[in-house]
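Down below is the structure, laid out as structure tokens.
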Amino acid sequence: MRVLIFGSTGLAGRYILAELLAQNHDVIVFVRSRNRIDSKLLSSSKLTIVEGDGLSESDIKHAFTVAQTDRNLDAIISSINEGLEIKLHLQSKCSRLILNEIDRCTNKKPRFIVFAGAGLLDVPIEGDNHSTEIKTQFWKYSSEYPTM
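Numbers 1 to 148, taken from UniProt numbering, label the letters of the sequence shown in order.
Given below as structure tokens:
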């Protein structure tokens, strides 16, 4: 398989990356800094690194361009973690940019797999059905868990 990973240097992502390479898959990682990738994995001929910002539409587009250079993409995995930057809504904003690029894929659409912990749910700002702003709710602290 050919897989594009977002969040491959985080707690879960580093294990996902190592396992995909161990199974001999072609892996493209989108990272802020290549310096955070496990040095044992850097020598893999199956690893392609794309550096960029998950909040930048052009950087996400570039990752898809690189990932689809010589063949179609089979899957996209996101294990992005907000960390201390939770007010940036990195998970939801980056996911929206990824979904936009998936929509632009002209051939077979890749599978999109999201690994997330901590029970997060992004919802529109209350009282405004047309708002583009979002807030993050922690379901275990919320009296109401929004349903779809």
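Backbone N, C-alpha and C define an ideal beta-carbon position, used for all residues, glycine too.
Just so you know, these numbers come straight off a predicted model, no measurement behind them.
- With a cutoff of 9 Å on beta-carbon distance, Val3 and Val27 are scored as near each other.
- Checking the DSSP bridge columns, you'll see Ala75 partnered with Val3, Arg111.
- Residues Met1, Arg2, Val3, Lys46 of the same chain have their beta carbon placed closer than 8 Å to that of His25, with the five preceding and five following residues left out of the count.
- Residue ranges of uninterrupted alpha helix (DSSP H) with 4 or more members are absent from the stretch 27-51; none lies entirely inside it.
- Here Lys108 has Asn72 as same chain residues with Cβ atoms under 8 Å from its own Cβ, once five neighbours each way along the sequence are excluded.
- Scanning Thr106, Ile5, Thr48 for the CA closest to the CA of Gly54 turns up Ile5.
- Nearest in C-alpha terms to Ile102, of all of Ala75, Gly7, Phe115, Leu42, is Ala75.
- The straight-line gap separating the alpha-carbon atoms of Arg32 and Gln68 is approximately 20 Å.
- DSSP places Gln68 in the coil class of the three-state scheme, outside both helix and strand.
- DSSP places Asp59 within a helical segment (H, G or I) once states are collapsed to three.
- Comparing C-alpha distances from Leu97 to each of His62, Asn81, Leu17 shows the shortest one belongs to His62.
- Here DSSP, grouped into helix, strand and coil, assigns Leu97 to helix.
- Nearest to Ser78 by C-alpha distance, out of Arg34, Arg111, Thr106, is Arg111.
- A check of alpha carbon separations from Asp70 across Thr48, Phe115, Cys94 identifies Thr48 as the nearest.
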